[in-house]
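Peer 1: Can you read through this structure? Questions will come right after.
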Amino acid sequence: MTAEQADSPSTPDLQPARPDAAPNILAAAEAAVSRSVVDPEQALAAGRLVLVAAEHTGAVEAAVVALRAMGLAARELGDLQAAERHLRKAIATPAAPPRRVAQARLSLVTVRTERGHPLQALRVAALAWAYLCPLDRAKLDTQRAVALAHLGRYQEAIAACDRSLETLATAPGTVDDRRFLAGGLLNRGLVRAYRGDWHRATQDITACLEISRAAGLAHLTRLAAANLPFLAVRRGDLAAAFAHYRAAEDTLFGYPERLATMRADFAGALLAAHLPGEARALLSLAVPELEASGAHAALAEARLKLAQVELLTGDPQRAAEVAARAAAELAAQDRESWLPLAREVELRAGLALGPVTPALVRELAECAEALESGPACAVAAAALRLAAAEAALSIDDHPTASEQLGYLTAQCRRVRPSEGIPLASKAQAAHLAQPSPTPPLIRQHALALEAALQEDSAGAFRAVRDGLAEVGGQVESLDDPALRAHAARAGERLAAFGLALAVRGGRAEEVFEWSEHWRAVTGQVPGGAEEPGLSGTEAGGGVARRASQSGPDAGAPGSGGGLAGGPSGREARAWMAGAESGRDSRNEAEGWLQEVRENLGGAALVEYVVDQGALLAVVVTEEQVRLRRLAEVSSLGEAVVRLRYAMRRAALGDCPGAAGGDVVMCGQEVDQMLFHPLAGWIGDRPLVVVPSGPLYTLPWSALPYLRGRPVTVTAAALPWLRARTAPRPGRAAPIVAATAGPDLNEAPEEVRQVLACHPGGREIEARIAPVLRALTEVDVFHVAAHGVFQARSPLLSSITLTDGPLMAYDLLGLEHPPRLVILSSCDAGMARAPCEGAPLGLAGTFLAQGTACVIAGMVPVRDEEALAVMTCFHELLAAGHSPSRALAEATAKTGVTAFACFGAGDRPLTT
Numbered sequence: 000m001t002a003e004q005a006d007s008p009s010t011p012d013l014q015p016a017r018p019d020a021a022p023n024i025l026a027a028a029e030a031a032v033s034r035s036v037v038d039p040e041q042a043l044a045a046g047r048l049v050l051v052a053a054e055h056t057g058a059v060e061a062a063v064v065a066l067r068a069m070g071l072a073a074r075e076l077g078d079l080q081a082a083e084r085h086l087r088k089a090i091a092t093p094a095a096p097p098r099r100v101a102q103a104r105l106s107l108v109t110v111r112t113e114r115g116h117p118l119q120a121l122r123v124a125a126l127a128w129a130y131l132c133p134l135d136r137a138k139l140d141t142q143r144a145v146a147l148a149h150l151g152r153y154q155e156a157i158a159a160c161d162r163s164l165e166t167l168a169t170a171p172g173t174v175d176d177r178r179f180l181a182g183g184l185l186n187r188g189l190v191r192a193y194r195g196d197w198h199r200a201t202q203d204i205t206a207c208l209e210i211s212r213a214a215g216l217a218h219l220t221r222l223a224a225a226n227l228p229f230l231a232v233r234r235g236d237l238a239a240a241f242a243h244y245r246a247a248e249d250t251l252f253g254y255p256e257r258l259a260t261m262r263a264d265f266a267g268a269l270l271a272a273h274l275p276g277e278a279r280a281l282l283s284l285a286v287p288e289l290e291a292s293g294a295h296a297a298l299a300e301a302r303l304k305l306a307q308v309e310l311l312t313g314d315p316q317r318a319a320e321v322a323a324r325a326a327a328e329l330a331a332q333d334r335e336s337w338l339p340l341a342r343e344v345e346l347r348a349g350l351a352l353g354p355v356t357p358a359l360v361r362e363l364a365e366c367a368e369a370l371e372s373g374p375a376c377a378v379a380a381a382a383l384r385l386a387a388a389e390a391a392l393s394i395d396d397h398p399t400a401s402e403q404l405g406y407l408t409a410q411c412r413r414v415r416p417s418e419g420i421p422l423a424s425k426a427q428a429a430h431l432a433q434p435s436p437t438p439p440l441i442r443q444h445a446l447a448l449e450a451a452l453q454e455d456s457a458g459a460f461r462a463v464r465d466g467l468a469e470v471g472g473q474v475e476s477l478d479d480p481a482l483r484a485h486a487a488r489a490g491e492r493l494a495a496f497g498l499a500l501a502v503r504g505g506r507a508e509e510v511f512e513w514s515e516h517w518r519a520v521t522g523q524v525p526g527g528a529e530e531p532g533l534s535g536t537e538a539g540g541g542v543a544r545r546a547s548q549s550g551p552d553a554g555a556p557g558s559g560g561g562l563a564g565g566p567s568g569r570e571a572r573a574w575m576a577g578a579e580s581g582r583d584s585r586n587e588a589e590g591w592l593q594e595v596r597e598n599l600g601g602a603a604l605v606e607y608v609v610d611q612g613a614l615l616a617v618v619v620t621e622e623q624v625r626l627r628r629l630a631e632v633s634s635l636g637e638a639v640v641r642l643r644y645a646m647r648r649a650a651l652g653d654c655p656g657a658a659g660g661d662v663v664m665c666g667q668e669v670d671q672m673l674f675h676p677l678a679g680w681i682g683d684r685p686l687v688v689v690p691s692g693p694l695y696t697l698p699w700s701a702l703p704y705l706r707g708r709p710v711t712v713t714a715a716a717l718p719w720l721r722a723r724t725a726p727r728p729g730r731a732a733p734i735v736a737a738t739a740g741p742d743l744n745e746a747p748e749e750v751r752q753v754l755a756c757h758p759g760g761r762e763i764e765a766r767i768a769p770v771l772r773a774l775t776e777v778d779v780f781h782v783a784a785h786g787v788f789q790a791r792s793p794l795l796s797s798i799t800l801t802d803g804p805l806m807a808y809d810l811l812g813l814e815h816p817p818r819l820v821i822l823s824s825c826d827a828g829m830a831r832a833p834c835e836g837a838p839l840g841l842a843g844t845f846l847a848q849g850t851a852c853v854i855a856g857m858v859p860v861r862d863e864e865a866l867a868v869m870t871c872f873h874e875l876l877a878a879g880h881s882p883s884r885a886l887a888e889a890t891a892k893t894g895v896t897a898f899a900c901f902g903a904g905d906r907p908l909t910t
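Quick note on numbering: the sequence shown equals residues 0 to 910 in numbering that gives the first Met the number 0.
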């Protein structure tokens with residue numbers, strides 16, 4: 000027995016008709032249909048009552064309409080299996096009027112689509128068409144559009160919506176007419192969103208909201224509003240997206256299939272915005288609900304998104320498995336146009352797992368060709384061709400690489416005729432003038448690879464610079480640090496290629512310039528303060544007294560962490576575009592470097608870079624700039640993990656003596672890799688450190704080489720320079736405030752000691768609203784509270800206050816944050832770095848908003864230890880020490896190495 004046969008209902012048992020009762024029963028049935036989208040639970044109950052009455056009186060037409068009402072209500076409630084059962088029962092009713100059967104088929108179209116059979120849905124629609132009036136045909140078109148969209152036939156879907164809306168706009172205006180008019184706008188808006196037409200998609204969905212609200216269609220209003228998170232992400236407004244999401248969760252509570260679909264759609268938008276961690280969290284909720292509700296069409300799409308997430312978050316084996324399952328589901332649904340997308344994930348997973356073979360290169364090129372013929376897949380096709388070219392180069396297959404690159408750069412090689420030379424025709428002129436179909440970033444990457452193949456280093460550098468300028472232009476308007484950092488990842492491989500070219504050249508100055516070049520693209524322009532800064536470090540949930548564990552420790556190499564982006568300045572982006580604007584970009588970059596050297600003030604700047612699996616250091620002093628290769632990134636990452644583990648054990652009190660010895664031994668191991676090869680160049684200078692790779696997770700204060708030495712950790716040299724040269728505040732003494740979070744025995748005493756060091760300081764109630772208000776009014780803010788770091792969604796990291804968590808997202812609206820923030824919490828300085836120069840986390844969000852310096856915990860710390868080191872720190876700060884020097888001396892005196900200084904920490908608060 001097939002699934003369809005299993006769902007096929009028995010026909011209703013109708014008694015002989017009683018003509019006097021039939022009209023009233025039919026009217027009640029039609030009222031239930033109208034109520035199905037307004038109050039589906041009430042409509043379902045009414046439909047059952049009407050069906051009983053219709054069967055008792057033999058009112059066949061009323062029975063069919065009642066069953067349709069029950070099917071529509073069940074669909075709105077997310078019970079797709081019951082919806083199909085009711086509608087099939089209506090269609091199978093003996094002696095039913097053909098128009099009523101056709102209306103039941105009209106309603107069945109979307110249910111069959113959502114259950115994963117869009118092609119069958121179109122066949123059902125074809126059976127209904129002949130028996131429907133023009134108005135009902137317009138309503139049917141709105142349903143056909145859903146099936147067409149799931150099949151990837153977007154142009155046909157929009158045409159169907161256009162036809163239906165033209166008719167529905169002049170319809171009599173019943174509730175049902177308004178429902179389909181609003182639904183048609185919603186469907187067209189979603190199709191336009193799939194095609195990337197965000198402006199018109201927003202217009203359609205906004206119109207749908209207005210119509211459904213005016214008609215009192217509360218349920219349809221909820222469904223339309225559920226798409227606002229998706230659209231807000233596409234506009235780049237992540238804060239609004241999550242606000243819309245929380246509202247949609249509330250309004251869709253009780254409708255699990257609708258809520259799951261909304262979550263999956265929102266996850267797709269987050270994935271497109273390069274936020275795979277956040278997308279995973281939503282998909283983990285959506286997929287089980289979609290499975291339970293039988294929403295097979297949405298389930299297959301959600302599973303494909305999950306496969307893409309697995310790939311982006313570093314699990315290619317799992318990605319391949321999930322993609323294969325999604326492909327099987329899509330194939331079973333006759334959704335052939337979606338299959339290349341699933342195949343792309345499988346092939347990219349194969350690339351990650353290795354080894355690269357000629358067969359794999361050939362399959363990559365074939366899949367790229369298949370994507371080119373699909374709807375809205377041009378960017379994916381070009382990106383996969385580039386991957387095929389790079390894979391071919393990795394196995395020295397230069398002919399294949401050149402062929403694939405040729406597809407991507409062919410348009411660039413067309414030569415425009417000189418002015419004054421006539422063209423054969425306007426068509427020829429238009430053809431020569433048309434833009435390249437290849438996305439600009441991918442085109443520049445391909446041009447760089449072509450130039451390198453031809454040993455044209457200058458051409459390769461020029462193409463890389465132009466490509467990164469393109470990325471900089473794309474991220475320039477994004478204020479949200481998460482969107483900005485993840486969007487910049489699109490240029491990560493191109494940046495690595497440019498850095499590799501610089502390393503091959505061997506000049507320390509050029510390596511420094513290219514490292515800063517990329518960090519200038521990813522860095523965040525702050526939201527209001529004059530003094531920029533940054534913060535950060537690792538990925539993992541804390542424990543001990545001040546930590547609340549939230550997920551697995553993510554301190555492994557490459558898992559991210561640390562420093563959140565301080566501003567790089569528009570001047571740096573002007574440098575990136577120097578070649579395009581005609582300036583000498585090399586001279587401009589050298590000018591930046593000279594300015595950095597002149598402002599070091601006796602310190603040394605160490606900028607770490609990763610090149611093809613190796614860690615290199617550029618050491619900048621007032622006298623010179625030097626480059627040294629240090630260690631393999633994998634070995635260093637393992638050493639950092641061992642150090643963090645030892646510090647966690649020590650904080651938890653596991654084997655106290657042994658754990659303390661392990662911390663020293665592990666710190667010395669990291670020292671040997673990072674600083675001993677550079678000791679002759681650094682001497683006893685204070686340090687400004689720019690981390691890379693696994694160093695974002697490093698607790699710097701635990702390194703013996705740095706004991707007692709002022710160290711400031713910054714995401715890039717240029718934001719540090721901007722902060723270093725920013726105007727000093729006019730006040731003689733800073734305004735200080737502090738707050739003590741709940742469930743910490745020593746936190747109130749810590750606040751008292753902090754305020755005792757700063758006469759006039761005030762204590763703030765540990766509630767979200769007072770804390771946010773105080774953050775805009777003071778120069779220095781101290782928090783003693785539990786910290787929670789969310790490794791996969793770093794902007795959901797939080798500080799625990801009395802009335803709930805203060806999340807990093809809550810800080811995005813701060814216009815005038817404090818110049819110095821002290822987060823006396825476990826893991827509050829932790830972050831995840833999607834790409835170099837743009838780490839994300841709680842402390843980093845402060846810095847991205849304009850805070851100059853953040854002192855934050857990097858590992859678990861005992862309550863009494865935090866009290867000791869913070870009391871000493873504030874005494875030294877009040878005595879006129881800079882934050883970095885105060886922390887260095889407090890750390891040396893107390894032996895508490897859990898905290899680090901980020902941003903512009905080498906400037907005293909007052910003159």
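Beta carbons are placed, not taken as given, at the ideal position from N, Cα and C, and that holds for glycine.
Quick caveat, the model's predicted, so the values are computed rather than measured.
Closest to A865 by CA distance: which of E256, R199 and A739 is it?
Peer 2: Comparing Cα positions, the closest option is A739.
Peer 1: Looking only at its chain, what residues have a beta carbon closer than 6 Å to the beta carbon of G349, apart from the 5 residues adjacent to it on each side?
Peer 2: L359
Peer 1: Just curious, the beta strand (DSSP E) that T205 is in, first and last residue?
Peer 2: First-last for T205: W197 to A213, but that is the alpha helix (DSSP H), not the beta strand (DSSP E).
Peer 1: With a threshold of 16 other CB atoms inside 10 Å of the CB of C132, please say whether the residue is buried or exposed.
Peer 2: exposed
Peer 1: For I210, which option in A181, R199 and R194 has the closest C-alpha, if you only look at C-alpha atoms?
Peer 2: A181
Peer 1: Do L440 and A489 have their beta-carbon atoms positioned less than 9 Å apart in this structure?
Peer 2: yes
Peer 1: Pair every Cβ in the segment 470 to 482 with every Cβ in the segment 500 to 507, then say whether three or more of these pairs are closer than 8 Å.
Peer 2: No, they do not touch.
Peer 1: Quick check on the DSSP output: the alpha helix (DSSP H) that includes E863 runs from which residue to which?
Peer 2: From DSSP, the alpha helix (DSSP H) with E863 extends over D862 to A877.
Peer 1: Opposite F898 in the DSSP bridges: which residues?
Peer 2: Answer is G856.
Peer 1: Could you give the distance in angstroms between the alpha-carbon of G879 and the alpha-carbon of M806?
Peer 2: 32 Å
Peer 1: Since I believe A603 is in contact with L686 (beta carbons under 8 Å), could you give me their beta-carbon distance rounded to a whole number of angstroms?
Peer 2: In this structure, L686 and A603 form a Cβ contact; the two beta carbons are roughly 6 Å apart against a cut-off of 8 Å.
Peer 1: Take A638 and list the residues in its own chain whose beta-carbon comes closer than 6 Å to its own, dropping the five residues that flank it on each side.
Peer 2: If we look at A638 and ignore the five residues flanking it on each side, its Cβ neighbours are E668 and V669.
Peer 1: Assign H781 to one of three DSSP states: helix, strand, or coil.
Peer 2: Of the three classes helix, strand and coil, the one that applies to H781 here is strand, per DSSP.
Peer 1: To the nearest whole angstrom, what separates the beta carbons of V619 and V595, a pair I think is in contact under 8 Å?
Peer 2: 6 Å
Peer 1: Check whether the segment 118 to 127 and the segment 94 to 106 touch, using three or more Cβ-Cβ pairs below 8 Å as the test.
Peer 2: yes
Peer 1: Please tell me whether A231 and L208 are closer than 9 Å, where the distance is taken between their beta carbons.
Peer 2: Cβ atoms of A231 and L208: not closer than 9 Å.
Peer 1: Note down the Cα distance separating R98 from D135, rounded to an integer number of angstroms.
Peer 2: 10 Å
Peer 1: Using the DSSP secondary-structure output, state which residues sit across from T738 in a beta bridge.
Peer 2: V782
Peer 1: By the DSSP assignment, the beta strand (DSSP E) with V355 in it spans what residues?
Peer 2: Taken as a continuous stretch (DSSP letters only), V355 belongs to no beta strand (DSSP E), as it is neither H nor E.
Peer 1: Whole angstroms is fine: what's the gap from M672's alpha carbon to P698's?
Peer 2: 15 Å
Peer 1: Whose C-beta lies closer than 6 Å to the C-beta of H781 among residues of the same chain, with five residues either side of it excluded?
Peer 2: Once the five neighbours on either side are set aside, the close Cβ partners of H781 are A737, V753 and I821.
Peer 1: Provide the residue span of the alpha helix (DSSP H) that contains G497, from first to last.
Peer 2: E491 to G504
Peer 1: Give the range of the alpha helix (DSSP H) segment to which R906 is assigned.
Peer 2: Run containing R906: none; DSSP gives neither H nor E here.
Peer 1: Return the first residue and the last residue of the beta strand (DSSP E) that V688 is part of.
Peer 2: L686 to V689
Peer 1: Between A52 and the rest of its own chain, which residues show a CB-CB distance below 8 Å, the 5 nearest in sequence each way excluded?
Peer 2: The residues A20, I24, A27, A58 and A61, in chain order, have a CB closer than 8 Å to that of A52 in the same chain once the five nearest residues on each side in sequence are set aside.
Peer 1: Can you round the beta-carbon distance between G77 and R257 to whole angstroms, since I take them to be within the 8 Å contact cut?
Peer 2: 6 Å
Peer 1: Using DSSP bridges, identify the partner residues of P804.
Peer 2: T799
Peer 1: What three-state label does DSSP hand R361 in the structure shown?
Peer 2: Residue state, collapsed to three classes: helix.
Peer 1: Between the beta-carbon of E512 and the beta-carbon of L592, is there less than 9 Å?
Peer 2: yes
Peer 1: In whole angstroms, what is the alpha-carbon distance linking A168 and A445?
Peer 2: The straight-line gap from Cα to Cα measures roughly 49 Å.
Peer 1: Between V474 and the rest of its own chain, which residues show a CB-CB distance below 6 Å, the 5 nearest in sequence each way excluded?
Peer 2: R483, A486 and A487
Peer 1: For R143, count neighbouring C-beta atoms within 10 Å of its own C-beta (all shown protein chains included) and say buried if the count is 16 or more, exposed if not.
Peer 2: buried
Peer 1: Starting from L118, follow the alpha helix (DSSP H) in both directions and report where the run begins and ends.
Peer 2: Start and end: P117 to W128.
Peer 1: If you run the structure through DSSP and keep just helix, strand and coil, what is Y254?
Peer 2: coil
Peer 1: Please classify T173: is it buried, with 16 or more other beta-carbons within 10 angstroms of its beta-carbon, or exposed?
Peer 2: Exposed: under 16 other Cβ atoms inside 10 Å.
Peer 1: Would the beta-carbon of L750 fall within 9 Å of that of E762?
Peer 2: Position check: residue 750 holds Val in this sequence, whereas Leu was assumed. The answer is yes: Cβ separation under 9 Å.
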